[in-house]
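To start, the structure itself, in C-alpha cells.
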Amino acid sequence: MNALLREWDGPFGLPPFAAVDDSDFAPAFDAALTEARAEIDAIAADPAEPSFANTIAAMERAGRRLDRVASVFFNLAGADTNDAREALQRDISPRLAAHHSQTIMNAALFDRVGALMARRGA
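Heads up, the sequence shown is in the working numbering, so the first residue is 34 and it goes up one at a time.
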C-alpha cells in the first residue's frame, strides 16, 4: 500500500519518508482528493439541521488525508526538488485550486454555514 495513504506511526506521527517514492505522490493525491471531495459533499448533503458539529467541525476534519499528503509533498519538493516533483507540482497545483474553489463555492455548504451564522445570536 502507498506509504502516504497509511497511518503514520513514526515518532511524533511523522510520515515514513524512507518508504515514500516520487511515484507514490500522484496516486496519493488522486485518492486524497477523491476522499476530500466526498467528505465535503457529504457535509453539504447532510439532511440534518446544520449544527456546529455536523457542519463547522465536520468541515475542519474533511480533507485531513489531503492535507497530510500535500504537506509532505510540498515540504519535500521545496527542500529537495527534482524533475518529477516539479512536473507533479505543475499538475497538482491547479487541481488543488479547483478543489478549494469547488468547496468555497458549494452553495449547499454556504447555506449550511449561513444558517448557523443566522442563529448565532438567537
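Ideal Cβ placement from N, Cα and C applies to all residues, glycine included.
Item to complete: Taking 8 Å as the cut-off, decide whether the C-beta atoms of residue 85 and residue 149 are in contact.
Response: yes
Worksheet item: Since residue 65 contacts residue 105 with CB under 8 Å, what's their CB separation in whole angstroms?
Response: Between the beta-carbon of residue 65 and that of residue 105 there is about 11 Å, and that puts the pair past the 8 Å contact cut.
Item to complete: Return the chain-ordered list of same chain residues with a C-beta closer than 7 Å to the C-beta of residue 88, the five sequence neighbours on each side being excluded.
Response: Contacts found: 76, 145, 146, 149.
Practice prompt. Would you kindly report the start and end of the unbroken alpha helix (DSSP H) that includes residue 59?
Written response: Note, residue 59: alpha helix (DSSP H), 55-78.
Worksheet item: Along the chain, where does the alpha helix (DSSP H) that runs through residue 90 open and close?
Response: From DSSP, residue 90 is part of no alpha helix (DSSP H); its letter is neither H nor E.
Worksheet item: How is residue 48 classed by DSSP in three states: helix, strand or coil?
Response: coil
Practice prompt. Report the rounded CA-to-CA distance for residue 109 versus residue 83, giving the unit in angstroms.
Written response: 38 Å
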